[in-house]
């Protein structure tokens, strides 16, 4: 379904839309900027990558998931796929570091949509840093507990 | 569409099993999405469930109140007749008065219902059905479909014979629809306002819509106690259920026979509907609405002129070309080469070439000759001056001598 047509339906009202303090924001998992605009709204586009924080187990190194949007043209979920699949997205847990994740993002976009690419990478970096801080605190707390 | 999209039918007992691999999608699902039609039809059809209400026609008017007229230092509003009570002499009847009747009291014969053209209603229903097959729209409506194996979700007719709610629940769990039901349960809120005293205590969200075909189906009873789930027969599809609130993209679960019936119900682009007599599905204004793809296509890009660059007429601040080399180059492109040539010439001059040396020697010789000449001239002038001096001295001394002798 064309992104333009979907945007006309969705821009006025959708489940991810949050209007607060004069700002038009979005909780869309495929939106890496947080602001609802035509280009950044990933769930209506054909390919988008969302960088999503997950509540993972303690001591998990990275609590980030990459959610890649799939073409949703009457596709079935491939249950044999390595990544967790849903009708509209395939999810990749960022386990092996930020570099592999960033490569996935870069490969997805190629040379096109640099703005979106940068937004995804930016979010990835920020989440990664936040994770590092969290993990440091956890380790410190664990150490303190042991003592 | 050159190729017809295909859809699988899932087994009711096992969501990983597919009973029918490839069923062609009914043409309804390719109707153009028309939120304007749906919005219009929905606002009007939503008024049809209203029940007439009105204010008591006598309310506020059960007095024999009369205006006291002028000259009594009170407002001219009708006042309650009689005496012996506080109420007497108080204002009555007006909407502004306390205990008066409201302005424009509501009458029972208010036009509560709206009729909408049949064609519009059918187009709206078709669009709403199409939207249930578009994943982003179902997501946008807020349904939790991350575990659902396929959209549109078509299941074998076995679910029509479910009688127990547990069967229904387990079925929903198997097909990832339970997440949506959980959302409904967790967001059940006590309604704000007086309606809670009028039988509408809770505000409950909409969950999945189950569409069946066979009239003897028992699944209505199985599903009706599951919060959020609605059950409806294909032949009685309701826009208010397909697009609740006028918002397209309800999460729908179709039974196989219901799904197959859609072609007869709405017709296709090849033949009009059998059941909706003579109804032809809406045709899109643009067959390919993907603007980006059109613009970037070879056919368009071949004909398109290269993009215009913004022409800067002049700089914001004037630069002196005699001092600013870049400004000079902009005016006179050859200036760069001239400067380079001059530099090269200087460089060449500073090196010891034969010609230069000869010139130098010549210069030296000529200077020496000149100096010689100048020197001799100098000597000559000096000698001349000296001679004159001598003559002068001689003359004056002679004069002095003459003076002396005399």
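Protein chains in written order, with the UniProt record's numbering: chain F, 1 to 147; chain Y, 1 to 406.
All C-beta atoms in this analysis are idealised placements derived from N, C-alpha and C, irrespective of residue type, glycine included.
Contacts around residue i, its chain only, beta-carbon distance under 8 Å, and the 5 residues preceding and following it disregarded
i: residue 69 of chain F; result: 30, 42, 43, 45, 46, 47, 48, 49, 50, 88, 89
i: residue 61 of chain F; result: Low confidence applies here, because residue 61 of chain F scores a pLDDT of 47, under 50, leaving its location unreliable; read the following figure in that light. So the list reads 95, 131, 135, once near-sequence residues are dropped.
i: residue 47 of chain Y; result: 112, 113, 114
i: residue 162 of chain Y; result: 168, 171, 218, 219, 222, 223
Partner residues on chain Y for residue i, Cβ-Cβ distance less than 9 Å
i: residue 6 of chain F; result: 33, 134, 136, 137, 140
Any C-beta of chain F under 8 Å from that of residue i
i: residue 306 of chain Y; result: no
i: residue 146 of chain Y; result: yes
i: residue 57 of chain Y; result: no
i: residue 291 of chain Y; result: yes
i: residue 151 of chain Y; result: yes
Residues near residue i by beta carbon distance below 7 Å, same chain, minus five either side
i: residue 269 of chain Y; result: 27, 281
i: residue 1 of chain Y; result: Here the model assigns residue 1 of chain Y a pLDDT of 40, short of 50, so the residue's position is not dependable and the matter cannot be decided.
i: residue 34 of chain F; result: 25, 26
i: residue 151 of chain Y; result: 133, 135, 138, 145
i: residue 263 of chain Y; result: 26, 27
Contact with chain Y by residue i, beta-carbon distance below 8 Å
i: residue 109 of chain F; result: no
i: residue 88 of chain F; result: yes
i: residue 52 of chain F; result: no
i: residue 26 of chain F; result: no
i: residue 2 of chain F; result: yes
i: residue 130 of chain F; result: no
i: residue 136 of chain F; result: no
i: residue 144 of chain F; result: no
Cross-chain neighbours of residue i in chain Y, by beta carbon under 8 Å
i: residue 18 of chain F; result: By Cβ distance, chain Y contributes nothing, its closest Cβ being about 13 Å from residue 18 of chain F, past 8 Å.
Residue-level contact to chain C via CB, residue i, 8 Å cutoff
i: residue 242 of chain Y; result: In the structure shown, chain C does not exist; the protein chains are F and Y.
Cα-Cα separation between residue i and residue j, rounded to whole angstroms
i: residue 134 of chain Y; j: residue 32 of chain Y; result: 11 Å
i: residue 102 of chain F; j: residue 250 of chain Y; result: 35 Å
i: residue 94 of chain Y; j: residue 194 of chain Y; result: 27 Å
i: residue 74 of chain Y; j: residue 85 of chain Y; result: 19 Å
i: residue 199 of chain Y; j: residue 184 of chain Y; result: 19 Å
i: residue 146 of chain F; j: residue 129 of chain F; result: 26 Å
i: residue 80 of chain Y; j: residue 96 of chain Y; result: 15 Å
i: residue 152 of chain F; j: residue 317 of chain Y; result: With chain F covering 1 to 147 only, the question about residue 152 of chain F has no answer from this structure.
i: residue 25 of chain Y; j: residue 130 of chain Y; result: 10 Å
i: residue 122 of chain Y; j: residue 16 of chain Y; result: 35 Å
i: residue 175 of chain Y; j: residue 2 of chain F; result: 28 Å
i: residue 37 of chain F; j: residue 7 of chain F; result: 9 Å
i: residue 141 of chain Y; j: residue 189 of chain Y; result: 19 Å
i: residue 191 of chain Y; j: residue 43 of chain Y; result: 22 Å
i: residue 114 of chain F; j: residue 120 of chain F; result: 10 Å
i: residue 222 of chain Y; j: residue 170 of chain Y; result: 11 Å
i: residue 143 of chain Y; j: residue 128 of chain Y; result: 15 Å
i: residue 357 of chain Y; j: residue 367 of chain Y; result: 15 Å
i: residue 397 of chain Y; j: residue 384 of chain Y; result: 20 Å
i: residue 307 of chain Y; j: residue 331 of chain Y; result: 26 Å
i: residue 147 of chain Y; j: residue 179 of chain Y; result: 8 Å
i: residue 72 of chain Y; j: residue 92 of chain Y; result: 17 Å
i: residue 109 of chain F; j: residue 118 of chain F; result: 10 Å
i: residue 334 of chain Y; j: residue 364 of chain Y; result: 38 Å
i: residue 293 of chain Y; j: residue 154 of chain Y; result: 31 Å
i: residue 116 of chain Y; j: residue 167 of chain Y; result: 39 Å
i: residue 392 of chain Y; j: residue 370 of chain Y; result: 32 Å
i: residue 261 of chain Y; j: residue 213 of chain Y; result: 8 Å
i: residue 164 of chain Y; j: residue 173 of chain Y; result: 15 Å
Closer than 7 Å at the beta carbon, the chain Y residues around residue i
i: residue 44 of chain F; result: 136
i: residue 13 of chain F; result: 247
Proximal chain F residues relative to residue i, where beta-carbon distance stays under 7 Å
i: residue 248 of chain Y; result: 9
Cβ shell of residue i (< 6 Å), same chain only, five flanking positions each side left out
i: residue 108 of chain Y; result: 52, 54
i: residue 137 of chain Y; result: 131, 248, 249
i: residue 97 of chain F; result: none
(message) Quick check: the stretch 60–73 of chain Y against the stretch 98–109 of chain Y, are at least 3 beta-carbon pairs closer than 8 Å?
(response) yes
(message) Between the stretch 229–240 of chain Y and the stretch 198–213 of chain Y, can you find at least three pairs of beta-carbon atoms closer than 8 Å?
(response) yes
(request) Inspect the CB distances between the stretch 241–256 of chain Y and the stretch 283–290 of chain Y and report whether three or more fall short of 8 Å. (result) no
(message) With three or more C-beta pairs closer than 8 Å as the rule, is the stretch 147–159 of chain Y touching the stretch 9–24 of chain Y?
(response) yes
(message) Quick check: the stretch 260–277 of chain Y against the stretch 288–302 of chain Y, are at least 3 beta-carbon pairs closer than 8 Å?
(response) no
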